[in-house]
Every structure is written in C-alpha cells, then in structure tokens.
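Protein chains in written order, with the working numbering: chain A, 126 to 435; chain B, 126 to 435; chain C, 126 to 435; chain D, 126 to 435. Yeah, the Cβ is synthetic: ideal placement off N, Cα and C, and Gly gets one too. What follows is one structure encoded as structure tokens, with my remarks underneath.
There are 4 protein chains.
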Amino acid sequence: MVKKISNLREKLQSLVKTYKNAYMQGAVADYIPALAEVNPKMLGVCVATIDGKITGAGDYQQPFSIQSISKIFALVMAMERLGDSLWQRVNMEPSGQPFNSIIQLEWEKGIPRNPVINAGALLVSDVLTSHFCASKLAFLTFLRSLADSDAIKIDNHVYQSELSHGNRNAALAYLMKSFGNIESEIPDLLSHYFTQCSIKMSCQQLAQSLLFLANKGVNPRSNKLICSPKDTHRINAILSTSGMYDQSGEFAFSVGLPAKSGVGGGVVAIVPNYGVICSWSPPLNKFGNSVAGVNLVADIAQELGLSIYH
Amino acid sequence: MVKKISNLREKLQSLVKTYKNAYMQGAVADYIPALAEVNPKMLGVCVATIDGKITGAGDYQQPFSIQSISKIFALVMAMERLGDSLWQRVNMEPSGQPFNSIIQLEWEKGIPRNPVINAGALLVSDVLTSHFCASKLAFLTFLRSLADSDAIKIDNHVYQSELSHGNRNAALAYLMKSFGNIESEIPDLLSHYFTQCSIKMSCQQLAQSLLFLANKGVNPRSNKLICSPKDTHRINAILSTSGMYDQSGEFAFSVGLPAKSGVGGGVVAIVPNYGVICSWSPPLNKFGNSVAGVNLVADIAQELGLSIYH
Amino acid sequence: MVKKISNLREKLQSLVKTYKNAYMQGAVADYIPALAEVNPKMLGVCVATIDGKITGAGDYQQPFSIQSISKIFALVMAMERLGDSLWQRVNMEPSGQPFNSIIQLEWEKGIPRNPVINAGALLVSDVLTSHFCASKLAFLTFLRSLADSDAIKIDNHVYQSELSHGNRNAALAYLMKSFGNIESEIPDLLSHYFTQCSIKMSCQQLAQSLLFLANKGVNPRSNKLICSPKDTHRINAILSTSGMYDQSGEFAFSVGLPAKSGVGGGVVAIVPNYGVICSWSPPLNKFGNSVAGVNLVADIAQELGLSIYH
Amino acid sequence: MVKKISNLREKLQSLVKTYKNAYMQGAVADYIPALAEVNPKMLGVCVATIDGKITGAGDYQQPFSIQSISKIFALVMAMERLGDSLWQRVNMEPSGQPFNSIIQLEWEKGIPRNPVINAGALLVSDVLTSHFCASKLAFLTFLRSLADSDAIKIDNHVYQSELSHGNRNAALAYLMKSFGNIESEIPDLLSHYFTQCSIKMSCQQLAQSLLFLANKGVNPRSNKLICSPKDTHRINAILSTSGMYDQSGEFAFSVGLPAKSGVGGGVVAIVPNYGVICSWSPPLNKFGNSVAGVNLVADIAQELGLSIYH
C-alpha cells in the first residue's frame, strides 16, 4: 500500500526547506533551563525502512535530547521484565488530560491512565529501578545495542537541570507511592527517569532503533527479537491512542500513525511493515509537540500514502 | 495480510457456541426500561467483506436497537453537510471519561471532546436537526439506502422510553447551548437523537451498511461514494481512539480495529480493505460494551490476523 | 457589643459619597440582557434594626432585581414545608466552586452542596413547585407579607430575559432529575425559579423583610414567628459559610456576618440580635458580588463593631 | 447570652457517661500506624473560660496527639511573622473537598484554598521553616508558653510513623513547589509539619492554650497579646467556615462555633467572649472528625446556649 518514491532524499530535502521557518511558530521548552539553550533553527528528518535503507535530510545526524521518546524504550524493557502483571499497575487508556496532570491520578487512585503520560512513565521507571540492579546502565546499554552505536550518551547538563526542576514529577511519584503503587525510593526513581530523558540521539539513531516496532518485534538489522509480536502490537496501539500527548486524537485523525513526541522537539512515527520516520525541530506547540516535526511527519505520511486507518 | 479461512461460517458458529453463556457475565442496560426487556441470551455475529460475501452465525439476522452505533452514520451525514467547519464545534480527542460525563464538557466550555461520546453525538444531532428539513426521515433514508432494505424501522417503544429517561442527555444539550454551541431547540434535537438511537438493525444489516468505511468511502455494492477517502480515514481514526467508550484503549491494545459499540449490545469493527465485523449480545460490561460482543470480535480478529497495529 | 452611633444616617450618607465612583471597578451582570439595562450608578444602603428603626441613604428606596437574595426566602418556605427531610436532598456544605458549577453536582450524584448555590436553589424551587399549588403566588404573598407592602412586583421583562437565557440552569435541573432528585417538570421549576429571581424590592424592603433572621425567627414588626429559632440558626450558618458565592470565606474573614448577594447588585447582611444591613450597587466583581455593596456592608460592620467572630 | 450552669462539672460527667460507648460508631485513624495504637475508649472533655475557670470530666488531663489542631498555632505564628503577605500564598475560602485533596491544588495553581486543609497547613509549615532558624523549637516553645507547661512533648514514635507514611503530604508539597509557592526544601518542611502534628497535649492544656481566641487575642492568664483582635477575628472566621474538614458546614449548621478537629480524636471549639471547649475521643467518622468529640461539643453548646449564629 506504500507508494514507492524514487527520490525520497530530494523529497525530504525539499520538505526541510519548506519548514525552515516553522520554528518561529512554536516555542522551545523552557521549563527546564538546559532545554531552552538549544538552537531553535535545528531541523532534521530521517526515514529508516525495514529493508535497511536510511534516508535523511537537514540535521538528521545531530544528537538531541530524546526526552519522552525514551518512554517507548523503557516500556519495552518493563514489559519484558514484568510480563502482563505490568498492566495491573498502569492502564492503557487515553488520558484526555495534559501529560503532566495530577488530577486524573488522584481520581484513578494512583493507577496512571497509560505508560506514556508522565505518571505512567514514572511508574515504568519504578519498575526498571526496582527490577534492574543498575537500571540506568541497563537502559543505556539497551539503546546502544538498538542503535548499534556506543556514541549514545547522557547529557549531564540536561540531567542536572531536570533534577532541579522536577518538582511536579516528584509530586506525581509521591502521590502514586501514597496509593502503594511505587516500590522504589522516590529519589532513585526520579534519578533513573531524568537520566533516560537526558539521553541524546539523532533522528537517524532513533529511526533505526525503533525499526523493531515496524517489524513485528524483530530488529531487522540484527534479526533479534526485541519484543514479542503481541507486545509490538500493544505498543503501537498505545502510541496510536496516546503517544502525542493531548493531541493524539488529532494526530490519528490527520496523520494516522503510531507516534511519540518529546519536549526536546523529536517526533517518531511507526509505519508497520515499512519503517520509521523521525523528525526534529525544537520549537513546540501548546500541546508540547514539535511544530515542524509534526508537519514533516504528516507530509511524508501523506506523500507515501502511509496511514493505518485506510 | 488477512489470513484466508475456508470455513469462516463453521468458525463463527463455533464461536457462537463458545460464548453461549457469556451473557451471564454482563448486565442488560436498564437505565432505559424498554432496553431491559430484550432477551439477554440473543447472540449473533456477521462478517461482511468488500468483495460481497456475507457470513453469519446465531441471531445475526435479528434486528436490535443500534443505539450509539447510530453515531457513526450521523457523523458521516454531518461531515458531508458541514465540511471542516464541523471540527470547530466538536474536537477529535479521546475523552478519558465515561461516555455520558458532563464534567469535561464544562471544562472544555461546551466543545465535546469527540463526536462519539454522548455530548459530541448530541452536537452532531444538532447539526442534522438544523441543517435538514426533516432530519429523522433523512437519517432513516440514509440507513435504508446503505443497508439496501426498506425494512429498517424505528422502535417506537424504545424511543418513548428514551425520551422519558433522557434527562442526562438533556443536561448535556442545555449545557452546550449555554455555551452557544447548539442551534436547534433542545426538544427537537433530543427527539432526533433518540429517534436515531431507537432504530433497529441486524448484525448483517449493520455490517453491510458500514462496508464503505473499509473501502475508502465507497459502498462496494452500489459503487457509490458515501464519504471521501479523507473523511473515511478520519472516521476510522476517531473510532480507533474513542469508539469503545472508556475501554477504547484496551480494545486497541488487545484487538486493534476501529470499532463502535452501543448499549443495545451491538459491536461493529472496521477492517480496512477487508470488511466489517458485527456482533450482538445484550449484556454489557461496566464500560457499557457488550461482553460477548467484544469477545466475538476479538476472537475473529485474532483468528484472521486482523489488526491495524502490526 | 454593638457600638451606638448617634448619627447613623450621616454616616450612611457619607459612605454613599465615598463609594459614588466604585461602580467603575465592576461590571453589571450581562449574561441576562435585561439585567444589563440597569443604571450602574445606582447606589443605596439601608439599616433596619429589630427595635423598629429604619435608616437609609442613596437609592435605598428604589426597587431592584433581588435575584439570588430570593434564595433565602425560598429556603425558609421549603424548610417550613418539608422539615428535616429537606436535608436529604440538599447538603449544607460550602461548595468551593463557582455558583453555577455543574462539575460538583455530578461528583455528588445530584445532591447540591448547599441551598444557596444555583443547583441548590433549583432544588428548593422544585420543593416549592411540587408542594404548593401556586408556588409563584405563594412566594410573592410571603414576600409582601414580610415587607408589609403590596407594591412588591415581578419584573416581567427580566423574567422573560432569564427564561430565554436559562440554559445552564436548565442543565443543572436536568442533571439533578437524571439522579432522581427532582419531582416537578423542569419547565415548571424553571418558571418558578426565574419568577422569584425577577422580583424587585428596595434595600429598605429587603432589610425589613429579613429582620426575623436577626431576631430568632420572629418578625419584630408583626411579632409573628416566621421560622423556628433552630432554623433561623441554620439559615444564618449557611449564609455565613456559603452566602457570598466563592467569596464567602473572604467575606467571613474580613466582615464576619451571615450575608447573601444577588447578581442584581444587592447584598444583605444579618446582624443577630441587632438588625439587617442591605446595600445595592449593580456592578459586580469577578465572584458575582456587588463591588460597592460589599464595601458598604464591610464599612458599616467595621464602624458599628458588628461581627459574629469576635 | 451564655446561660449560667451552676453544676457544669456534673453536666460534663453526665455527658461523658452518655458517650461512653460512642467509640464503637467510629474508627481510630489507621493510615498512620502509631495512631492506631491508641485506646479507642479514651474520652475526655474540658471547658476553660476566660475568667480562669477550668472544668473537666473523663480523661481530660491525658495527653493525646493533637494532629491538625496544631494548624491553629502554626497559623498564628505565620500570621504574626508574615503579616498580610501570607494571604498572597494561601486563600481563605472553604475547600468543598476532602482535607488531603490534591485536585483543587492543581486547579488553583498551587495556592491552597485555606490554611487548615493539609495543603494550606504545609504552606504554613513552609513559612515557619523558612522564617525561624529553629522552627520546631520555636513551635514547641510557643505551645509551652500558651499552656504554661514545660511538660508538653513531641511523641517521637508518632513522628517517625508520620514521616514514613507521609507520601501524600509530600506530593502536595512538591506540587506547590512546582508552582513556585514553597521556599524550603521539602524534607525540612515535612519534618517540621510532622513534628507539630506529633505533639501531645491534654484537653485541659488545649482549652487553656486557645483562650486568647475567645478573648480578642489576649491570653487571659498572662494578659499578653498573642495576636491582634483583627487576626483573632480572621482565625475564628476560618475555623467557622473550614475547621471541621468537609463537615464544616454541617458543624456550623448544627453547633455554630469556630472549631478545629484532629485525626488524633481531639476537637476544640472557640466561644467568643466566653471560653474554649475541648473534647477527645479517638474514633473518627468518615470526615475524619471524632464521633464522640463532635457530640460532646454539640451538647455542651446546646446546653449553654452557645452559638455565634443566633
């Protein structure tokens, strides 16, 4: 169903030109000072396909702060480690609330609505912190192996900045702990969470690392099973209903791909049986999604006839 | 990607046997007295494919109250009539709330989160009531044409019962009107809404009527364009994120098809480029979805390898 | 404990001068068009004491729309008619929400938090509508008898305007009916409610009519028991915790008297064992309370050493 | 207006007998293990008057955990230290929510509704922690001076138990910090808060310590001004609208005195110009108020004709 495009590279380069000035329509995340230091004009996009092709344009090889995109990798690790019992501690429903809302967490008695809003990601961090003896190292090792690159690093400056501006995440974590849904000590859990958010990867590295989600769980480069076909299905379902914060419905409506964004300006979209698109542009819209990043993915999906809903 | 099954009819018959006693795990909707009168043991399922095949088992030719499944047809009519301006009056985000919640409607200043929760469906009814000179007739005519059957009727007993137990829907409608988001007189709007909910159709009729959503907007039997490919995409997206009430995320997670349920016990699921599954069993789970209906669709999807997320 | 002031009239006249321009700090209620037609510069104040003295200044004999001040009289009638069973249908807790909020009503399953927010007043209207054969007439008769004046009238222009802009109140009423907490037909109940809100009385008439609340339930002019000492206590308690909308706490904190305001710009304050203060100035603050009205009452209470909290 | 009772002691003794078995209607607070260890049959009551009389019955000289009653003393200290700027950081409105709710705190952007719900008391603790060099010692010294007794102590066992079960309070504090409304480090603030909650005092000590609130701010024993008449008024107003958790309206309605309860089972009620009543019985009702404690205060108020609302 995917249209073949002989000149994908030219197409991506043309799109990068089109959105060169889109950065002016958004605002770089500034609630964490270190994130505000990034150059808002950075713009990149990369398409990795399960047959091994990598096509990119713009700053697609420039590492950036992956932020909430890390939630996908953490979820994969927690699903593998806990099995189905994970879903007794976190739900899989869209939230209908801003990503950092504490109201719903109180209503639902400490059970986060899904693993990709902040409360749910903190719960996943709790699983990793309490089930791995060195969860940060395990996480970094997992990413390096997926991206096949030892160059992937934690940005310590961003990490420190997150840590000193993490009061709302601490509130979410303590509230879950008051409901008995957290096992670790909160400072350990937060340290893990901010570490995984502070990792830097490029569009190319992200797109390649996530190919297993477009390939029924198998990393097409290594031929290794990263997660079961069933869990791959589940992750794509969650990303489809909840991956783009409180703009997830609109993204499904107008683009139609499982996707996840991060406040660092990255957007990844999974195209089952085809590949992964990753775009990056730091300025965000009011939902916390990259303005140009969303537009780039939408245009590529449109151009290639990619969508799971038709 | 759909697995071929030579003996689909036997498979469906076997599933109907499997779920013969599942009715005991749910409760027939009783907030509308007339709905409570239905025989809880009724159980049917039908698969209609875009190549014209109809396969059914159990009570699949028995008409039942379509209730909220009518929201799909009403949405198609409103989208056709209003075009994109519809989306200024109703959003397309999952709600994260029970289907009849009034809280979120107040928060969002009278703009319903999506057109398939009650508030949104009432908004769509307002569009039909104020843009068609005889909206009930137009609606019935549309359904009869889609199902190619003049036998489709309104159940007047259910209609009267809905009307006299419709206070919460009246509250939702008046609240939207207080925000200036309703044009019709509320009694007219409610009369239209309860009329469309009170229509009776069988699994077979529903499955056939919705084939256009699996076929890029074209009714495969008449070859007529019912809605544009773009709007077909949008409707399937909304059904995927929000069609199964506050169990939509779990349905995506475990089944993976655009779907809609009604408190009459019907469930329809769209399989793009393949067909439509419709099941029926009156007893509902706590989310308002048919217990056996959801299970039947899940098993068929599993058996045939149907899902949009892998 | 009340300080004697020989020249109360001069004091009131001086205060009326002081607040002559306070109307510019607020905005006349405009959600009901007929209310927006009032002259914003009107300003009056009256003190009636249980020993029979009436002292006023400014436009204190000019009738104005009593609006929510009518809730006190309706409550007295409903308490008398239903006895303690009233408190199974409405609570007596402060709401912590705007006066017309529908959110809390859903949370509390159709039981209003107290009888002086809109939901509670609609519930009281239901009691009157269903327990009096001609509730509007009974209400008007009660007021005329309390004020000893047959000149008290309903403003039909305001009534019609309320009726055609009453969608939010209709939503509240239908929501309560959906929870089984309303007996009347909603249009009857709303008609009664908007009638009682549309009555016009002057500061003097209001102050005199409410003297029984400062006198253990006895109207000092007629010596008739209007409500029992126990119910008088209860009404004063409710007015103290909830009478000034979502500014009730601040009013207790800075003034310290049981009080009730209306969006017509009136404010009444009860001084147990002394009398009643009533002020009027149409422009409202963000809570829906008269800017100058609140200031006038505060200054008089300060001047005379009136407060129940010291 | 207070009725004289020659035999107050006999009256109190008789009431203690009456409520001997009331402990069976409630449940001792058990969310903090150390609190659950108290003997549920303890029952005491004491009336201290501004003319120096102390009358008690039952276990009125037995120290118990004062818990939230400490919020009054902390508020007095913070008002004295910060002056009116305190009210920019905490509101004075009733909350209409359970005492430990985090929902409202999010709505109101980190500004607690009043200083006697948990969020507000944590804010007050922040003021003390950041404005006193040794806030715990200062607090204890203040209480010892008010009660004229060096025997008042912190129960270290309760303190440790609170500290290890304080996750919800930590969540509230971190949420306020995320809104920029907290100056101290959260662990310091919590340590202060749990310390003040863990102080043990008897009914007699509490009643005597709070006499200044019944005496326009002056401690009648030492003749020292503890807080200004204006601030005394304000505190009594806050206790009247919000002191008894989400039962404050009902307490005003049926008793009519400024009051505060603690989950240790204590209740204090201020009678302006007369004195203070303090009762104690550990088992609590669903609002977190002592069952027998509330009844004892209500009966004494009734017997002596005490209420501020008539």
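Residue-chain proximity (residue 302/A, chain D), Cβ-Cβ < 8 Å: Looking up residue 302/A in the first sequence gives position 177. At least one chain D Cβ lies under 8 Å of residue 302/A.
Bridge-paired residues (DSSP) for residue 386/A: Within the first sequence, the letter at position 261 stands for residue 386/A. Its beta-bridge partners are 392/A.
Given residue 164/A as reference, the closest of 151/A, 213/A and 318/A once Cα atoms are compared: The count along the first sequence starts at 1 and reaches residue 164/A at position 39. Comparing Cα-Cα distances from residue 164/A to each of 151/A, 213/A and 318/A, the minimum goes to 151/A.
Euclidean distance between Cα positions of residue 133/B and residue 220/C: Counted from its first residue, the second sequence places residue 133/B at position 8. Counted from its first residue, the third sequence places residue 220/C at position 95. Whole-angstrom Cα-Cα distance: 59 Å.
Collapsed DSSP secondary structure at residue 249/D in the structure displayed: Along the fourth sequence, one-based indexing puts residue 249/D at 124. Three-state DSSP puts residue 249/D in a helix.
Beta-bridge pairing of residue 350/D - partner residues as DSSP gives them: The residue you call residue 350/D lines up with position 225 of the fourth sequence. For residue 350/D, which the question treats as bridged, DSSP gives the partners 343/D.
Chain B contact for residue 235/A (CB, 8 Å cutoff): What you label residue 235/A is simply residue 110 of the first sequence in a count that begins at 1. It does not; no Cβ of chain B falls within 8 Å.
Proximal residues to residue 244/B (C-beta, below 7 Å), its chain only, five neighbours per side dropped: Looking up residue 244/B in the second sequence gives position 119. Only 230, 237, 297 and 301 meet the Cβ criterion.
CB contact below 8 Å: residue 434/C versus chain D: Start at 1 with the first residue of the third sequence, and residue 434/C comes out as number 309. Interface residue, yes.
C-beta contact flag for residue 248/B and residue 215/B at 8 Å: Residue numbering aside, residue 248/B sits at position 123 when the second sequence is read from its first letter. Residue numbering aside, residue 215/B sits at position 90 when the second sequence is read from its first letter. Result yes, Cβ atoms of residue 248/B and residue 215/B sit closer than 8 Å.
Buried or exposed by the 16-neighbour rule on C-beta atoms within 10 Å, applied to residue 140/A: In the first sequence, counting from the first residue as 1, residue 140/A sits at position 15. Its Cβ being crowded by 16 or more others within 10 Å, residue 140/A is buried.
DSSP state of residue 137/B mapped onto helix, strand, coil: As a first step, residue 137/B is located in the second sequence; it is residue number 12 there, counting from the start. DSSP places residue 137/B in helix when its eight states are reduced to three.
N- and C-terminal bounds of the alpha helix (DSSP H) containing residue 201/D: In the fourth sequence, the residue the question calls residue 201/D occupies position 76. Counting along the chain, the alpha helix (DSSP H) containing residue 201/D begins and ends at 195-207.
Neighbour flag for residue 205/C against chain B, beta carbons, 8 Å: Within the third sequence, residue 205/C is the residue found at index 80, counting from 1. By this cut-off, residue 205/C is not an interface position.
Cα-Cα separation between residue 348/C and residue 148/D, rounded to whole angstroms: For this step, residue 348/C is matched to residue 223 along the third sequence. For this step, residue 148/D is matched to residue 23 along the fourth sequence. Whole-angstrom Cα-Cα distance: 45 Å.
Where residue 417/C falls, given that 16 or more other Cβ within 10 Å makes a residue buried: Here residue 417/C is taken as the residue at index 292 of the third sequence, counted from 1. Looking at its Cβ environment, which holds 16 or more other Cβ atoms inside 10 Å, residue 417/C is buried.
Contacts that residue 299/A makes with chain D (C-beta to C-beta distance below 8 Å): The residue labelled residue 299/A in the question sits at position 174 within the first sequence. Chain D residues near residue 299/A: 292, 293, 295, 296 and 299.
Other residues of its chain near residue 317/B: CB distance less than 7 Å, five sequence neighbours each side excluded: One-based indexing of the second sequence puts residue 317/B at position 192. Excluding positions up to five away in sequence, the list reads 250, 253, 254, 260 and 261.
Neighbour flag for residue 358/C against chain D, beta carbons, 8 Å: Sequence index remark: in the third sequence, residue 358/C carries index 233 (1-based). Closer than 8 Å to some Cβ of chain D, the Cβ of residue 358/C qualifies, so yes.
Below-8 Å beta-carbon distance, residue 189/B vs any chain A residue: Looking up residue 189/B in the second sequence gives position 64. False, the Cβ-Cβ gap to chain A never drops below 8 Å.
Straight-line Cα distance separating residue 434/C from residue 432/D: As a working note, residue 432/D is residue 307 in the fourth sequence. As a working note, residue 434/C is residue 309 in the third sequence. Going by the C-alpha atoms only, they are around 11 Å apart.
Residue closest to residue 240/B, alpha-carbon to alpha-carbon, out of 160/A, 203/A, 408/A and 378/A: As a working note, residue 240/B is residue 115 in the second sequence. When only C-alpha atoms are compared, the closest one is 378/A.
Alpha-carbon to alpha-carbon, residue 278/A and residue 207/A: On the first sequence, position 82 is the one that residue 207/A refers to. On the first sequence, position 153 is the one that residue 278/A refers to. Distance between the alpha carbons of residue 207/A and residue 278/A: 26 Å.
Alpha-carbon to alpha-carbon, residue 182/B and residue 171/B: By 1-based counting over the second sequence, the position of residue 171/B is 46. By 1-based counting over the second sequence, the position of residue 182/B is 57. Near 6 Å, if we compare the C-alpha coordinates of residue 182/B and residue 171/B.
Short CB-CB distance (under 8 Å) between residue 228/C and chain B: Indexing the third sequence from 1 puts residue 228/C at position 103. At least one chain B Cβ lies under 8 Å of residue 228/C.
Cα-Cα separation between residue 359/B and residue 425/B, rounded to whole angstroms: On the second sequence, residue 359/B is found 234 positions in, with the first residue counted as 1. On the second sequence, residue 425/B is found 300 positions in, with the first residue counted as 1. If I take the Cα positions, the gap works out to 24 Å.
Spatial neighbours of residue 217/C in its chain, beta-carbon cut-off 7 Å, leaving aside the 5 residues before and after: Position 92 of the third sequence, counting from 1, holds the residue named residue 217/C. The answer, listed in chain order, is 239 and 363.
Residue 345/A versus residue 272/A - alpha carbon distance: Looking up residue 345/A in the first sequence gives position 220. Looking up residue 272/A in the first sequence gives position 147. Spanning the two alpha carbons is a distance of roughly 12 Å.
Whole alpha helix (DSSP H) elements within the region 254-305 of chain C, 4-residue minimum: 260-272, 281-289 and 292-303
Positions along the region 214-225 of chain C whose CB lies within less than 8 Å of some CB in chain D: 216, 217, 218, 219, 220, 221 and 222
Below-8 Å beta-carbon distance, residue 375/B vs any chain C residue: In the second sequence, residue 375/B corresponds to position 250, counting from 1. It does not; no Cβ of chain C falls within 8 Å.
Contact between the region 398-410 of chain B and the region 400-419 of chain A (3+ Cβ pairs under 8 Å): no
Stretch pair the region 173-189 of chain C + the region 324-337 of chain C: three plus CB contacts closer than 8 Å: yes
Assigned secondary structure, residue 172/B (DSSP; H/G/I helix, E/B strand, else coil): Here residue 172/B refers to the residue found at position 47 when the second sequence is read from its first residue. Three-state result, residue 172/B: strand.
Contacts that residue 362/C makes with chain D (C-beta to C-beta distance below 7 Å): Numbered from 1 along the third sequence, position 237 holds the residue referred to as residue 362/C. Those within 7 Å of residue 362/C in chain D are 377, 378, 381 and 434.
Residue 378/C, DSSP secondary structure in three states: Locating residue 378/C in the third sequence gives position 253, where the first residue counts as 1. Note: residue 378/C maps to helix in three-state DSSP.
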